[in-house]
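Trainee:
2 protein chains.
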Amino acid sequence: MTSKDKNSPGRDHDRGARVESVLEQAETLCRERGARLTPLRRRVLEIIWENHAPLGAYDVLQRMNAEGGRNAPPTVYRALDFLLKHGLIHRIESQKAFVGCATPGNAHKAQFFICRDCGTVAETHSVEIGEAIEASATRAGFLVETPVMEISGRCKECHDDE
Amino acid sequence: MTSKDKNSPGRDHDRGARVESVLEQAETLCRERGARLTPLRRRVLEIIWENHAPLGAYDVLQRMNAEGGRNAPPTVYRALDFLLKHGLIHRIESQKAFVGCATPGNAHKAQFFICRDCGTVAETHSVEIGEAIEASATRAGFLVETPVMEISGRCKECHDDE
DNA sequence: ATAGTAATGTTATAATATAACAAATAAAGA
DNA sequence: TCTTTATTTGTTATATTATAACATTACTAT
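Protein chains in written order, with my numbering: chain R, 234 to 395; chain F, 234 to 395.
1. Here's the rule: buried if 16 or more other CB atoms are within 10 angstroms of the residue's CB, otherwise exposed. What is R264 (chain R)?
2. Give the secondary structure of M234 (chain F) by DSSP, where H, G and I count as helix, E and B as strand, and everything else as coil.
3. Quick check: is the beta carbon of M297 (chain F) nearer than 9 Å to any beta carbon in chain R?
4. Establish whether the CB of L376 (chain F) and some CB of chain R are separated by less than 9 Å.
5. Compare the C-alpha of V277 (chain R) against each of R:D314, R:R349, R:H246, R:P337 and name the closest.
6. Is the shortest distance between the beta-carbon of K318 (chain R) and the beta-carbons of chain F less than 9 Å?
7. Return the chain-ordered list of same chain residues with a C-beta closer than 8 Å to the C-beta of E260 (chain R), the five sequence neighbours on each side being excluded.
8. Is it buried or exposed for E383 (chain F), if we count other Cβ within 10 angstroms and need 16 for buried?
9. Which first and last residues belong to the beta strand (DSSP E) in which A330 (chain R) is found?
10. Once the 5 residues before and after E326 (chain F) are set aside, which same chain residues still bring their CB inside 6 Å of it?
11. Kindly identify the DSSP beta-bridge partner or partners of L288 (chain F).
12. Give the interface partners of G386 (chain R) over in chain F, defined as CB-CB distance under 9 Å, in chain order.
13. Put G363 (chain F) into one of helix, strand or coil per three-state DSSP.
14. Does the Cβ of K342 (chain F) lie closer than 8 Å to at least one heavy atom of the ligand HEM?
15. Would S236 (chain R) count as contacting chain F if we go by Cβ distances under 9 Å?
16. DSSP puts V381 (chain R) in a beta bridge; with which residues?
17. Do three or more CB pairs link the stretch 333 to 344 of chain R to the stretch 292 to 300 of chain R at distances below 8 Å?
In structure tokens:
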């Protein structure tokens, strides 16, 4: 390792502020849609965004109950379902974990670049990838609905760190 | 529905023969590598190929024990691990299930087109998709290792069936 | 033959996820 | 406002997926 620890605040100094802005955006989005971002759901979204890497449902649960709560799994899963339905979070299938959506409100087909070292996920919306998938699909007469694109590897920082 | 039921033999009349050929290929491949395709592992591979759609680990277990076996989960998971390691099967992350590899022996980055209706999985190896991902990754300084590409939607047959 | 390695058997349990129903709370109409 | 209805949350139990740990068996190579 060179100068900074992986996962250190140095790599994401303004998380607090960013989380606040994300939550406000979520509030607005839900208000517009007549969806209720209740304190519970809001807290789950906050917990997910507070972490630099995807969080499992039971990790979320632990964090909720760390503050003295007595929540059970269904409570968390229901909140996660709500957030998924409204595109505020994504589920990373290959990790059984959840991550905040970088561009909520846009129905989009995203790719996730997941660093196997520091765990950080970068969300992209490459037209090129989308088109390549569509081309492949069309050739086979396949109708694309829900692409899961999760590219595991090493991010710039962790790769450079060698 | 028009003429044939989904999942009917009509759509895959020669599965028996195909499975046989796949198993022979697997035998050869393992022999070349000095890996042991034991009866148990061979049987798991066979069970997976016998099904038209991906099978969960416990589905495999059930089929093994249907014949009077008394196998426990670790037995199946170990066989699955072996088959994964040698590229004879793939794990479909979005379904927690396993499917036979269409081109065993080739270290390859594959895409899976999964029909949400009949469950059938088509494996492709699109250079175009691969390059699009590499391009995206390179732009971000990301080093691709293990892409998970699972495109859910509807296959030609099921889409036509409407 | 036998020592070493690999594979399988066995029991228990961890980790992830959902079903089902009860209670509380918010929203919408009288 | 009151009250009815729908939504959300609480709670208990359980389903589903996956692995740890250690014993036993069966191969492999001397």
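Virtual Cβ for every residue (Gly too), placed ideally from N, Cα, C.
In this text, all values refer to a predicted model and were calculated from it rather than measured experimentally.
Mentor: Short version:
1. exposed
2. For M234 (chain F), the predicted structure reports a pLDDT of 49, less than 50, and the residue's modelled location is therefore unreliable. A value from the coordinates is still provided. Here M234 (chain F) sits in coil by DSSP.
3. no
4. Judged by the 9 Å Cβ criterion, L376 (chain F) is in contact with chain R.
5. R:D314
6. no
7. L270, R275
8. buried
9. 330 to 333
10. V381
11. BP columns for L288 (chain F) point to F:F331.
12. A370, F375, L376, V377, E378, T379, P380
13. helix
14. Of ligands this structure carries none, so the ligand HEM is not represented either.
15. Model confidence at S236 (chain R) stands at a pLDDT of 47, short of 50, so the residue's coordinates are unreliable and nothing is read from them.
16. F:E383
17. no
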